[in-house]
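Chains as they are written, first to last, in this note's numbering: chain E, 145 to 392; chain X, 26 to 283.
See below for the structure under consideration.
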Amino acid sequence: MSRIAKYYGSIIGKKAVVAVTGLMLLGFLILHSIGNLKGFLPPNSAGEPDIDVYAHFLTVMGEPLLPDMVALWAIRIILIIALILHVVTVSKLAAHNRRARPVAYRNHKHVAATLPARWMFVTGGIILTFLVIHLLQFTTGTLDPTPIVYGCVYSNLYYAFQQWWILLFYVGALSMVGLHVFHGAWSAFQTLGVDNPDRNRKLRGFALGTAAFLVLGFLSLPTLMYLDVMKHPNAYGESCVLSDGRSE
Amino acid sequence: MKFTLEIWRQENGEDAGSFSSHEVDDVSPDTSFLEMLDILNEKLTESGGEPIAFDSDCREGICGMCSLVINGEAHGPKRATTTCQLYMRHFPDGASITVEPWRSGAFPVVRDLAVDRSAFDRIMRAGGYVTVHSGPKPDPNDVPVNPEISEKALDASTCIGCGACVAACPNGAAMLYTAAKVSHLSLLPQGQPERQERVQKMVAQMEEEGFGSCRNYGECEAQCPKSISIDFIGHMNRELLRATVIEPTDLRGEMKTQ
Ligand code: HEM
Ligand code: SF4
Ligand code: FES
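Structure below.
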């Protein structure tokens with residue numbers, strides 16, 4: 145344990161923690177976006193949208209070994225710890241770096257640093273704000289400018305993304321995720337000493353590929369819902385139809 | 026050729042410092058940047074002013090003494106080139122040129138453009154050595170080394186310790202320098218006995234000196250006059266991780282089966 149404390153005590157160890165927690169969050173985002181793509185799949189025999197069935201599965205995941213919600217909460221807790229470690233550690237590193245150059249240059253050129261790399265804190269900060277709003281909207285239902293009903297994922301998404309401003313907000317936030325991942329998904333491997341000249345192109349390609357996949361994967365369903373390409377929720381079974389004729 | 030120079034002047038470490046403007050004309054395109062500063066200094070001395078202090082020694086790109094952030098770039102606009110190997114023909118005629126010292130809390134300004142880089146020496150002293158025995162010397166090439174590895178170690182060894190990587194890094198990190206030194210020694214068989222503690226001690230000293238942390242911008246590699254690769258930073262990170270998780274700290278302890 146003392147070794148790990150000593151490692152985290154060094155700036156290289158801290159950066160490795162940023163990399164590992166970043167990769168954990170990235171793994172979650174990839175699975176989350178694949179989960180969302182289930183919105184495109186046909187309904188089950190009872191007429192329930194596939195994404196609703198999947199959402200229900202997440203709550204009972206691990207049964208019969210584990211009671212409902214246990215596996216889901218275990219994953220949530222791991223992700224919350226990873227996020228807290230990520231944010232706390234990058235803030236510590238940033239504070240350390242501010243002390244390293246007390247007198248600024250009048251003129252300092254960037255020859256190699258890309259904009260996504262230089263904006264990690266900006267994109268990260270926006271992602272954090274977005275995350276809070278996103279959870280308040282679709283997980284707790286506290287923010288509900290459009291109807292939100294527990295379990296009716298397809299219709300919740302459908303009504304939310306009928307609003308142009310909600311769609312625009314998600315496009316903006318997901319672009320930030322794309323920029324963060326474009327640098328981060330390569331940078332983490334360099335930090336962990338996994339990158340080398342043999343692998344560099346593949347790892348850079350991986351970072352570009354995952355960034356593009358996340359942006360397109362997350363935004364495809366909302367955009368097509370807005371454009372009325374996706375089916376209205378009432379076209380699915382009765383379970384999520386609102387009393388006023390809309391579906392919940 | 027004619028140039029307007031905006032040069033950082035600072036009496037000593039305590040002085041706040043400021044820029045002063047100087048005109049130079051009739052400069053031959055084949056004058057080196059440092060010779061141009063020599064000419065300016067002669068003029069300043071003749072007119073009773075104080076010459077501009079800057080560092081240099083070999084003036085052939087091998088010693089690592091010269092420095093200067095020129096128009097925002099460490100060692101000036103030409104890649105893989107030290108300031109002493111920079112010529113005025115590399116600048117457009119009539120250009121305005123800003124000259125600043127390496128700016129880092131760990132490199133205090135001594136005077137004008139000259140900074141104190143002994144922080145690097147202390148990093149070296151912390152672990153940049155190998156132990157040698159005092160008995161009869163082995164034959165050269167007695168220990169077989171994979172030529173790819175020895176070439177890689179030689180690449181790392183071309184670091185001249187100039188500090189441009191620190192000056193170039195937006196975070197003022199000394200990762201490229203430290204990584205070059207750690208990698209150079211830990212890649213070779215002679216460096217194995219101290220392999221674990223070397224990286225731990227040198228990284229600890231690097232931090233103690235107040236250098237910043239790496240964000241994988243790659244500015245150091247781009248502005249390094251010897252084009253040292255950030256691959257070595259990955260190598261050093263790996264060495265530190267290895268020393269943390271793999272290397273035992275208690276080599277001679279007892280083990281029980283029950
Ligand atoms: C859930 C989304 C997130 C993912 C997938 C993610 C992923 C990553 C990855 C993979 C890295 C690269 C680590 C490295 O360079 O070794 C990174 C770095 C970084 N992240 Fe995040 N991150 C996320 C959220 C955040 C948040 C909320 C912040 C808030 C401030 C943030 C701020 C940063 C910063 C500043 C860095 C650069 C750290 C440094 O190089 O010193 N990230 N992130
Ligand atoms: S790594 Fe390059 S820039 Fe840094 S001290 Fe060595 S030679 Fe100079
Ligand atoms: S003066 Fe020796 S490298 Fe420039």
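Where a beta carbon is used, it is the ideal one built from N, C-alpha and C, also for glycine.
Residue range of the alpha helix (DSSP H) that residue i falls in?
i	result
residue 263(X)	256-270
residue 253(X)	Premise fails: residue 253(X) is in no alpha helix (DSSP H) and is neither H nor E.
residue 176(X)	172-182
residue 209(E)	That residue, residue 209(E), is in no alpha helix (DSSP H); it is neither H nor E in DSSP.
residue 345(E)	344-370
residue 319(E)	308-335
residue 147(E)	146-153
residue 203(X)	200-212
residue 242(E)	214-244
residue 100(X)	Element bounds for residue 100(X): n/a, residue is neither H nor E.
residue 264(E)	264-278
residue 23(X)	The structure shown has nothing for residue 23(X), since chain X only spans 26 to 283.
residue 143(X)	143-152
Span of the beta strand (DSSP E) holding residue i?
i	result
residue 34(X)	28-34
residue 132(X)	Per DSSP, residue 132(X) belongs to no beta strand (DSSP E) and is neither H nor E.
residue 39(X)	Residue 39(X) -> no beta strand (DSSP E), and no H or E assigned at all.
residue 121(X)	121-125
Do residue j and residue i count as a contact pair if the criterion is CB distance below 8 Å?
i	j	result
residue 198(X)	residue 191(X)	yes
residue 157(X)	residue 214(X)	no
residue 249(E)	residue 94(X)	yes
residue 166(E)	residue 230(E)	yes
residue 223(E)	residue 155(E)	no
residue 169(E)	residue 210(E)	no
residue 380(E)	residue 187(E)	yes
residue 183(E)	residue 365(E)	yes
residue 34(X)	residue 46(X)	no
residue 239(X)	residue 375(E)	no
residue 36(X)	residue 136(X)	yes
residue 234(X)	residue 131(X)	yes
residue 206(E)	residue 260(X)	no
residue 123(X)	residue 264(X)	no
residue 92(X)	residue 59(X)	no
residue 204(X)	residue 99(X)	no
residue 166(X)	residue 335(E)	no
Within 10 angstroms of the Cβ of residue i, are there 16 or more other Cβ atoms? Answer buried if so, exposed if not.
i	result
residue 273(X)	exposed
residue 354(E)	buried
residue 225(X)	buried
residue 253(X)	buried
residue 244(X)	buried
residue 308(E)	exposed
residue 217(E)	exposed
residue 262(X)	buried
residue 207(X)	buried
residue 280(X)	exposed
residue 176(X)	exposed
residue 149(E)	exposed
residue 48(X)	exposed
residue 269(X)	buried
Short-range partners of chain X found in the segment 323-353 of chain E, where Cβ spacing is below 7 Å: Residues 331, 334, 335, 336, 337, 339, 340, 341.
Any 3 or more C-beta pairs closer than 8 Å across the segment 142-159 of chain X and the segment 219-233 of chain X: Contact between the segment 142-159 of chain X and the segment 219-233 of chain X is present: 3 or more CB-CB pairs across the two stretches fall below 8 Å.
Contact set between the segment 242-265 of chain X and chain E, restricted to residues whose Cβ is under 9 Å from the partner: From the segment 242-265 of chain X, only 242, 243, 244, 245, 246, 247, 248, 254, 255, 256, 258, 259, 260, 261, 262, 263, 264, 265 have a Cβ closer than 9 Å to chain E.
The segment 109-118 of chain X / the segment 126-145 of chain X touching (three or more Cβ pairs under 8 Å): Too few Cβ pairs lie closer than 8 Å, so no.
Selection of the segment 357-375 of chain E by Cβ proximity to chain X, strictly under 9 Å: Within the segment 357-375 of chain E, no residue places its CB atom closer than 9 Å to a CB of chain X.
Within 8 Å of chain E by C-beta, residues of the segment 107-124 of chain X in sequence order: Cβ contacts with chain E come from 123.
Touch test, the segment 333-345 of chain E against the segment 255-274 of chain E, Cβ-Cβ under 8 Å, three pairs minimum: Touching, no.
Contact between the segment 81-100 of chain X and the segment 360-374 of chain E (3+ Cβ pairs under 8 Å): Per the Cβ contact rule, the segment 81-100 of chain X is not in contact with the segment 360-374 of chain E (fewer than 3 Cβ pairs under 8 Å).
Contact the segment 280-295 of chain E vs the segment 254-262 of chain E: 3+ CB pairs below 8 Å: Result no; under three Cβ-Cβ pairs closer than 8 Å.
Cβ-based contacts, 8 Å cut-off: residues of the segment 236-255 of chain E near chain X: Contacts with chain X (Cβ-Cβ distance below 8 Å) from the segment 236-255 of chain E involve 237, 240, 241, 243, 244, 245, 246, 247, 248, 249, 250, 251, 252, 253, 254, 255, listed in chain order.
Proximal residues, the segment 254-273 of chain E versus chain X, C-beta separation under 9 Å: Listed in sequence order: 254, 255, 256, 257, 258, 261, 262, 264.
Members of the segment 155-168 of chain E that neighbour chain X once the beta carbon cut-off is set at 8 Å: From the segment 155-168 of chain E, only 155, 156, 157, 158, 159, 160 have a Cβ closer than 8 Å to chain X.
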